[in-house]
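Be aware that the sequence shown starts at 0, since it is given in numbering that gives the first Met the number 0, and climbs by one per residue. We treat Cβ as the ideally placed atom computed from N, Cα and C, and that holds for glycine. Source: prediction; values computed, not measured. Comments concern the structure below.
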Amino acid sequence: MKRILLSLLTTMCLLASLACNNAGGGDKVRVGVFMSLTGSTANFGISSTNGIKLAADEVNAAGGINGKQVEILIQDDRSDASEAATIVTKFVTQDQVHAILGEVASSRSIAAAPIAQNAKIPMLTPSSTNPEVTRKGDFIFRSCFIDPVQGAAIAQFAARTLGAKRAAIMVDRKNDYSTGLEKVISATFTKMGGQMVGTQSYQEGDQDFNAQLTSLKGSNPEVIFVPGYYNDVGLIAKQARDKGITVPLVGGDGWDSAQLYAIGGTALIGSYFTNHYSPFDTDPKVQKFVTDYKARYGAVPDALAATAYDAAHIMFDAIKRSKSLSGTDIRDALAATKEFPGVTGKVTFNENRDAVKPIVVIEIKDGGTYAVRERVNVEGAALASTAPVAPTTAPPAAASSPTKK
Ligand code: PHE
């Protein structure tokens, strides 16, 4: 009798756990997060997961999503595209996540997106800007602007605001983000009457850029575009100044990390990059986020932290409105997102599942503080207008300590 009861109990337990699995995770909403916590761009992943954890804790403290707590599964892809794909495969096959957040680097989002798409699990990237990412399918979303818009803003800033006529460019040939931006920047700059006088390439992780910089110096540019990531840009800036190249360097969101100034230091002063937000925005929503983030992590949130914080809240909001926890229902709810008020701007997804948001042009000042030099409002993929604003220098107290990350 005892044995029968025991086996009955075992069967019941098994059935219960199966039922849980079928329901996709019992009483929790599971969100898989894949980011680079180590490797060449570790700061991207560290800031992003900080933002996501903050958002998840806010939602859980307020009672969760429709009574269910959110469980965040964070995995480190070591800044490697094939590792990103492996993690997302595990998310959809073993962990049975309801939704996925990641990555920052476009190449890694591009590698992982087809897996989420095939499994019909919605994936939202907070900050991958290469257009190819969301072309992977109708389950792939991004809550930031795209590189055709960012690249045009960069070129336009150099041509119009800096008045440059001759430009050179340094491109990371193996990086989808860098090559994508290079095309748009060169095309826009030329269209605006400028001339591309030199192009040189490098590979992420290179330490010595002297040969390329010598060649670029010889072409006598008035500005050098560097559409790359912070670690390489910091070194390029240093070596350029050591060579006596004094013209401004201009890049994109890939520059944004406190590590940039830690590596490049004063060589970066007077250079510019486009970005998703400014921590000095006076909007009370932004200031509350900056205060909460600083209290928790001891650093001013960079754009990665801010975009990831927004992406997490956008995903939670969609899950809340979703008819069920199925991937398709969550996808539909995500697609229906309207004017979501994030700290990096309002988010509505267009027909390509991309967000259309304003861009800020940031000037690097002494001590690594940022000043907003310009705000570029964009409509679709075209630049509708540029509205220069008076430079606002960062208050010294708000300057992030480059080594504190
Ligand atoms: N936009 C970059 C990419 O797509 C990643 C990035 C976003 C880097 C924001 C820094 C800040 O590769």
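Query, Result
"On the DSSP bridge assignment, give the partners of K67 in chain order.", "I64"
"Return the CA-CA distance between D252 and K356, expressed in angstroms with no decimal places.", "14 Å"
"Closer than 8 Å is the cut-off here; do at least three beta carbon pairs connect the stretch 135-155 with the stretch 167-186?", "yes"
"Distance, Cα to Cα, Q95 vs N209?", "48 Å"
"For the stretch 334-345 against the stretch 152-172, are there 3 or more C-beta pairs whose distance is under 8 Å?", "no"
"Whole-angstrom Cβ separation of A84 and I120, contact assumed at under 8 Å?", "The Cβ separation is near 14 Å, so there is no contact."
"Would you mind sorting K287 into buried or exposed? The rule is 16 or more other CB atoms within 10 Å of its CB.", "exposed"
"Return the Cβ separation of M169 and G227 in integer angstroms, given the expectation that the two are a contact with Cβ distance under 8 Å.", "7 Å"
"In this structure, how does DSSP classify M191 when only helix, strand and coil are distinguished?", "coil"
"Under the three-state reduction of DSSP, which class applies to F224: helix, strand or coil?", "strand"
"By DSSP, does G136 sit in helix, in strand, or in coil?", "coil"
"Less than 6 Å between C-beta atoms, sequence neighbours within five positions excluded: which residues of the same chain meet that for G44?", "M34, S35, L36"
"Tell me the rounded alpha-carbon separation between A334 and Q211.", "44 Å"
"Go through its chain and collect everything with a Cβ distance to L53's Cβ below 7 Å, but skip five positions before and after it.", "D291, Y292, R295, Y308"
"Hey, is V103 close to the ligand PHE, as in C-beta under 7 Å from one of its heavy atoms?", "yes"
"Look at the alpha carbon of D137 and the alpha carbon of Q206, and state the distance between them as a whole number of angstroms.", "39 Å"
"Rounded to whole angstroms, what is the Cα-Cα separation between Q202 and D171?", "5 Å"
"Whose C-beta lies closer than 6 Å to the C-beta of R352 among residues of the same chain, with five residues either side of it excluded?", "T133, F140"
"Cα-Cα, which of G217, M314, V249, N219 is closest to V232?", "V249"
"Using a Cβ-Cβ cutoff of less than 8 Å, which residues in the same chain neighbour G269 once the five nearest sequence positions on both sides are dropped?", "P247, E362, I363"
"Beta-carbon within less than 6 Å of G179's beta-carbon, same chain only, minus the 5 sequence neighbours each way: which residues are those?", "N129, D146"
"Round the Cβ separation of A310 and L123 to the nearest angstrom and send it over; I've been treating them as touching at under 8 Å.", "5 Å"
"Does the stretch 45-65 come close enough to the stretch 312-323 that 3 or more CB-CB pairs lie under 8 Å?", "yes"
"So, helix, strand or coil for A335, using DSSP?", "coil"
"If the criterion is Cβ atoms closer than 8 Å, does the pair A302 and D255 meet it?", "yes"
"Would V103 pass as a contact of S81 if the rule is Cβ separation under 8 Å?", "no"
"Can you look up Y201 in the DSSP assignment and give me helix, strand or coil?", "strand"
"Taking the alpha-carbon of P278 as reference, which of V371, T327, E338, K242 has the nearest alpha-carbon?", "V371"
"Mapping the DSSP letters down to three states, classify N230 as helix, strand or coil.", "helix"
"So, for T189: in the same chain, excluding its five sequence neighbours on each side, which residues have a beta-carbon less than 8 Å away from its beta-carbon?", "M195"
"Are the CB atoms of A55 and I71 within a distance shorter than 8 Å?", "yes"
"Measure from the alpha carbon of E57 to the alpha carbon of each residue in H312, A110, R77, T327, then state which is nearest.", "H312"
"From A261 to G367, what does the alpha carbon distance come to, in whole angstroms?", "8 Å"
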